Every structure is written in C-alpha cells, then in structure tokens.
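Chemist: The structure that follows is given in the form of structure tokens.
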C-alpha cells in the first residue's frame with residue numbers, strides 16, 4: 009500500500025511566514041464571494057487529511073484503482089546513449105489515466121464527497137488533469153464539468169473524447185489565448201456561482217490557499233516512493249539530480265518534496281522554452297517573469313510593461329501557462345531549486361529519442377525534463393544518479409508531434 013500523500017497535510021505551508029504563504033508568495037487574492045468557500049475547504053482539508061480513515065481510503069484508491077506504487081525504471085539504453093550517469097525514470101505514466109494527475113484528482117474528489125459536494129468542476133490544458141478528474145467523478149458518481157481552452161481542445165482531441173466517454177461535460181473556452189489560463193478563469197467564475205454544491209478540483213500547485221499545499225500533499229507520494237525504491241535498487245535513497253518539468257509545478261513539487269531537506273540532491277525544474285526568447289514565444293517564468301497576482305495567488309508570472317498577463321507558447325499544452333506555483337518561487341529564492349528551460353525543438357527530439365531507444369512514449373511535458381537530464385548525464389560519471397519524473401505518457405501528443413514534424417521537417421514529416 010502506498011504511503012498517503014495527504015498524511016503530510018498541515019495548516020501552514022512549508023517555509024511560510026504566515027498561513028497560506030511560502031515566504032512572500034501565495035495567499036488568497038480572490039473576490040469576497042470565494043473567501044467563505046476557501047475557508048470551508050481549508051477547514052475540511054486540514055481536518056480530513058489528518059484522519060486515519062481518510063488516509064486509509066485514499067491509499068486504497070491509489071493502490072487498487074490508480075495503480076500505485078509506480079515503478080522506478082533504470083533506463084539503461086538512454087543512459088548508455090549519453091554515456092555517463094545512470095538515468096532512473098519514475099513511471100507516473102503507468103498510472104490509470106496515464107499521468108500523475110490522478111493522485112490529486114482522487115484526493116480532492118474524495119475530499120469533496122466528504123464535504124457533501126455533488127458537483128465537480130475542473131480546468132485542463134493538456135487534458136490529463138481533465139481526464140483524471142472525470143475519472144474520479146465517475147468513480148464517485150458525481151456530476152463533472154471540465155473547462156478547456158479552444159486551442160487545447162484542438163491539440164488534445166483524444167483526451168476530450170475520453171472525458172466525454174467518462175460522463176463529463178467539456179466546455180470550450182474561446183476567450184483570450186484559448187488555453188489553460190482562460191480555462192482557469194472560467195472555472196473560477198463557475199465556482200463563484202455554484203459554491204454551495206460545487207467543488208473546484210484545481211489541477212496544479214496554483215491558485216489561492218489551500219490549493220498549492222493541498223495539491224502538493226496529494227502528490228508527495230511520488231517522491232516518497234522514489235526514495236524507497238532508490239534505496240532498494242541503487243543502494244542509496246537519494247539521487248544526485250532530481251529533474252521534472254514545470255508548468256504549474258505539481259509533478260515537480262511531488263518529486264522534490266522528498267529531497268528538499270537533503271543538500272546532496274540537486275533539484276532542477278524545466279520550463280517551456282518554446283520557440284524563442286521574446287515575450288509570447290515561451291512559458292519560462294524564471295527567465296523573464298516578474299512578481300504579480302494571477303488566479304488568486306501572488307507568484308512569478310510573465311507580463312508586459314503595463315502589467316498585463318502575457319501570452320505564452322509551448323508545443324506542450326500542459327506547460328503553456330504564464331505563472332508558476334508559489335512554492336517553486338520561494339524554493340528558488342532560497343537557493344534550493346534551479347529552473348532552466350527546453351525549447352520546442354529539443355522537447356520533440358527527446359520525445360522521439362525515448363520512444364525509439366527505450367520503447368517509452370513520454371508526454372511532451374516530460375520530454376522537457378528529459379532534455380535537461382541528457383545535458384547533465386553526459387558530463388557525469390557512471391556512479392552518479394539522475395532521477396527524472398516521467399509525469400505522463402505521450403499518446404495524447406502524437407498528433408501535435410506529427411504536426412510539428414511536418415512543419416519543421418522532422419522525423420514524422422513523411
């Protein structure tokens with residue numbers, strides 16, 4: 009049975025100088041109509057996450073329904089390809105629904121059921137969080153509505169049909185950039201209107217408190233498992249580098265949380281470098297972002313000189329977001345984590361590489377992390393360990409990769 013990621017829940021965020029904050033970041037910057045439901049959610053989460061019965065039921069769902077623990081896989085051919093460090097992959101792609109998102113969806117929907125909520129709403133970009141939430145809602149017999157940007161619906165048609173098959177309604181959002189940012193806007197509007205009956209399953213370590221710490225806690229299981237598995241397989245319970253892609257930052261914080269207090273482990277998050285360095289051509293918040301407030305939290309975000317939220321770009325729908333989770337910014341400020349980026353071209357090349365030499369088709373989000381792993385592996389000796397969180401599988405991205413290759417003369421251009 010997995011160790012419940014909810015077991016570490018607390019009313020005060022790690023590193024916070026006040027409840028709901030990570031250093032100077034986080035908080036609740038929302039309309040007055042949402043303050044009461046957020047307070048209700050905080051009380052419910054802090055209460056139920058401490059209950060043995062809640063944790064036991066969540067552990068059972070993670071094990072018997074979702075498929076935890078996920079394997080830790082030594083990618084020998086990938087390691088040999090780079091000729092240096094050993095690369096281990098934490099196989100979150102093998103979870104039910106195909107990504108780490110199910111950890112949080114099950115936790116939040118179980119919590120919503122305990123709170124007596126009858127309706128679930130969610131936002132999604134790449135579709136994996138939407139599918140996970142639709143799956144959990146179906147399991148609990150709850151109504152579910154998923155908001156998704158029109159552009160992301162175009163890029164992720166298969167996941168849209170999966171959500172509908174699971175009994176959820178998918179509402180297209182045609183405002184703004186028609187991507188994840190705009191889907192969150194619409195989900196928040198829905199929640200304001202329907203707070204009495206509805207729980208909003210936010211999909212990353214974003215938004216107002218308690219979401220950043222609650223989502224983190226539901227994903228702690230990733231790092232907890234990886235640490236135990238390394239002890240068995242590599243005879244030590246820590247890697248030299250732990251690497252994960254960072255959109256909002258949920259899969260990364262889930263992995264990093266087990267190693268934050270271990271100074272031997274270098275923690276690296278990889279953002280979407282997109283197609284260029286100009287504003288609007290990427291989604292690399294740590295390379296051009298500034299302090300601001302978006303979707304209820306104070307954090308680092310991409311914005312223009314007038315303070316308007318900038319458009320973003322990534323070949324990966326799941327990384328195409330202008331802000332990042334507040335805990336990531338605090339960890340960066342404290343010098344505990346590093347953040348770099350991978351371009352669209354690099355990510356697509358990594359997608360092809362892992363598929364062809366390991367037989368594992370990674371999500372385009374994960375492919376960004378693989379780019380960074382490759383850069384370090386070739387410079388490190390064979391006794392070093394690189395741990396990569398393989399956050400999702402790439403079935404959903406095949407059309408996007410084929411389109412990219414056709415436009416850029418890549419491997420699938422024929």
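Numbering (the numbering used here), first residue to last: 9 to 422.
A virtual CB, placed ideally from N, CA and C, is assigned to each residue, including glycine.
Quick caveat, the model's predicted, so the values are computed rather than measured.
List in chain order: all unbroken beta strand (DSSP E) runs of 3+ residues lying wholly within the region 290-314.
Modeler: Runs of the beta strand (DSSP E) inside the region 290-314: 298-302 and 305-309.
Chemist: Tell me which residue opens and which closes the alpha helix (DSSP H) that residue 50 is part of.
Modeler: Its alpha helix (DSSP H) spans residues 40-56.
Chemist: Going by DSSP, what residues sit across from residue 250 in a beta bridge?
Modeler: Residue 250 is bridged to 275 and 395.
Chemist: Could you tell me if residue 322 is buried or exposed, where buried requires 16 or more neighbouring beta carbons within 10 angstroms of its beta carbon?
Modeler: Classification of residue 322: buried, given that the 10 Å Cβ count is 16 or more.
Chemist: Just curious, the alpha helix (DSSP H) that residue 234 is in, first and last residue?
Modeler: 219-242 is the span of the alpha helix (DSSP H), which, as asked, contains residue 234.
Chemist: Going by DSSP, what residue range makes up the alpha helix (DSSP H) through residue 383?
Modeler: 372-385 is the extent of the alpha helix (DSSP H) around residue 383.
Chemist: In terms of DSSP beta bridges, what is residue 152 paired with?
Modeler: Beta-bridge pairing links residue 152 to 128.
Chemist: Within the same chain, show all residues whose beta-carbon is closer than 6 Å to that of residue 203, passing over the 5 residues directly before and after it, in chain order.
Modeler: For residue 203, where only same-chain residues beyond five positions count, the Cβ hits under 6 Å are 45.
Chemist: Indicate whether residue 263 and residue 231 have their beta-carbon atoms separated by less than 8 Å.
Modeler: Contact: yes.
Chemist: Starting from the C-beta of residue 297, find all residues in its chain whose C-beta is less than 6 Å away, skip the five residues before and the five after it, and write them out in chain order.
Modeler: Cβ neighbours of residue 297 beyond the five flanking positions: 308, 309 and 310.
Chemist: Which whole-angstrom value is the C-beta distance of residue 276 and residue 351, which I expect to be below 8 Å?
Modeler: Actually they are not in contact, since the Cβ atoms of residue 276 and residue 351 sit about 16 Å apart, beyond 8 Å.
Chemist: Would you report the Cα separation of residue 316 and residue 91, rounded to the nearest angstrom?
Modeler: Residue 316 and residue 91: Cα-Cα distance of roughly 45 Å.
Chemist: Hey, out of 54, 381, 376 and 371, whose CA is closest to residue 254's CA?
Modeler: Of 54, 381, 376 and 371, the residue nearest in Cα terms is 376.
Chemist: When DSSP builds the beta bridges, which residues end up paired with residue 209?
Modeler: Bridge partners of residue 209: 130.
Chemist: Give me the Cα-Cα distance between residue 373 and residue 324, rounded to the nearest whole angstrom.
Modeler: Using only the alpha carbons, I get a separation of about 6 Å.
Chemist: Taking the alpha carbon of residue 226 as the reference point, which residue from 53, 206 and 29 has its own alpha carbon closest?
Modeler: Per the Cα distances, 53.
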